[in-house]
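Each remark here refers to the structure printed beneath this line.
In UniProt numbering, the protein residues as written are 1 to 324.
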């Protein structure tokens, strides 16, 4: 039996008793750290190679400089840090697929303002507003909205004037992932009418398989994917099975997001049938599947108790929507 050394209680006591002392001299003096390493693999802007080298990221400003303003990688980093400021985060940027097509949306304006108000365009949950003065025509309002949207650091789209009275919005990312950008309008100016067309025609997502293969030798506890298409989901499953094999000793989980219906979500997860992938479900979310996944993955990495149910933990940065 090991001998217990006391600091203040003398060893010569022979009287039966229960004595207590606190001695923290041998205690750990450093701050506790969460050792869970997180990897995000997401599209970047103006990529030259198929994917970048892994980059340690400590702020969304750093992600903006490395991967492009308003890129999926940039916005996912912002969402992850918002949910876990102490996250140990690595990011691999993806080049858009060579055959990728960016989704587009538009807002058409008609009329002349007869009573002043505010015109609001909400893109992926972020509102962009301009004032509409009495007597102002639609083309002047469209031109100002283009400047406001393009100047924003976190806008996932590029705005342009398609015609004098039509605001065109083009996703910065290519692929089906760009169809997930939501578009809504609100107008309090009398005499002015707005008509929005949702984002569509985004085709051919980037592929995460080559990027995941490039980091197979490094242990990441949580791997976050922005994609929910079958090809990329299966690639994530294959990677997790490979690195988590007993002889590899690099166990990991994958995180995805889903904003569709419960039925379509269960169809996706049933087809994957993987104990190492968790899909965060938020029906009808204003934000994309990528933002759901980034928030959930960061929350998982920040929770050290493996027995705590994840459905009690808040994911920040998501707009509250009608649950019907």
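A virtual CB, placed ideally from N, CA and C, is assigned to each residue, including glycine.
Check	Outcome
The stretch 162-181 touching the stretch 98-111, judged by at least three CB pairs closer than 8 Å	yes
Those residues which DSSP pairs with residue 115 across a bridge	190
CB of residue 257 within 8 Å of CB of residue 279, strictly	yes
8 Å contact criterion, which residue 193 and residue 115 should meet: CB distance rounded	Rounded, the Cβ-Cβ distance is 13 Å, inconsistent with contact.
Pair within 8 Å by beta-carbon distance, residue 111 and residue 187	no
Helix, strand or coil at residue 36 according to DSSP, with G and I counted as helix	coil
Spatial distance of residue 155 from residue 205 (CA atoms)	19 Å
Candidates 182, 273, 244, of which the one nearest residue 321 by Cα	182
7 Å Cβ shell around residue 179 - same chain, five flanking residues per side excluded	103, 199, 200, 202
Residues bridged to residue 157 (per DSSP)	171
Residue 96 burial status per 10 Å Cβ neighbour count (16 or more: buried)	buried
Contact set for residue 20: own chain, Cβ-Cβ below 6 Å, skip 5 residues either direction	none
Within 8 Å, strictly: CB atoms of residue 298 and residue 18	no
Buried or exposed by the 16-neighbour rule on C-beta atoms within 10 Å, applied to residue 40	buried
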